[in-house]
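Residue numbers (this note's numbering): 184 to 316.
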């Protein structure tokens, strides 16, 4: 099922991303730059390892993990978190925990698009990606 997510995805729409970053405690200047960028996400599967690369003019990140296995991650805004990614009903659910807080990043496919829903406390952001040829 993870194979359905494989590919190169370009951000085409973003809602409430600034509110989500503000909830995380991201600085004003970083939020301004992050809201202007249109990142590309590349999802690969190598055996039982999933790799998610995010490339933008602001920052490049890469995580590599196995489903259900906790790993250390440094986020684009430099949070050091413990992450676990699971497959739940066709959705890739990425849970990040740090300093008694947690956020979820849920990736799902809808009408050929990748929908990323980011949630922290009451802040919810929806980012829509289209698959590149």
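Where a beta carbon is used, it is the ideal one built from N, C-alpha and C, also for glycine.
Separation of residue j from residue i, as counted between CA atoms
| i | j | result |
| --- | --- | --- |
| residue 292 | residue 275 | 10 angstroms |
| residue 303 | residue 316 | 32 angstroms |
| residue 260 | residue 269 | 23 angstroms |
| residue 277 | residue 242 | 20 angstroms |
| residue 294 | residue 198 | 18 angstroms |
| residue 211 | residue 301 | 19 angstroms |
Spatial neighbours of residue i in its chain, beta-carbon cut-off 6 angstroms, leaving aside the 5 residues before and after
| i | result |
| --- | --- |
| residue 306 | 202, 203, 206 |
Neighbourhood of residue i by C-beta distance below 8 angstroms, restricted to the same chain and skipping five residues each side
| i | result |
| --- | --- |
| residue 279 | 256, 258, 262, 264, 265, 266, 285, 286, 287, 288 |
| residue 232 | 247, 248, 249 |
| residue 190 | 225, 226, 314, 315 |
Terminal residues of the alpha helix (DSSP H) in which residue i lies
| i | result |
| --- | --- |
| residue 306 | No alpha helix (DSSP H) contains residue 306, which is instead part of the beta strand (DSSP E) from 306-314. |
Nearest neighbour of residue i, chosen from the options [CA to CA]
| i | options | result |
| --- | --- | --- |
| residue 282 | 186, 208, 196, 309 | 208 |
| residue 235 | 186, 309, 295 | 186 |
| residue 192 | 221, 301, 228, 252 | 221 |
| residue 228 | 184, 308, 310 | 184 |
Own chain partners of residue i with C-beta closer than 7 angstroms, once the 5 adjacent residues on each side are dropped
| i | result |
| --- | --- |
| residue 218 | 200, 201 |
Residue range of the beta strand (DSSP E) that includes residue i
| i | result |
| --- | --- |
| residue 211 | It is not in any beta strand (DSSP E) - residue 211 instead sits in the alpha helix (DSSP H) that spans 211-219. |
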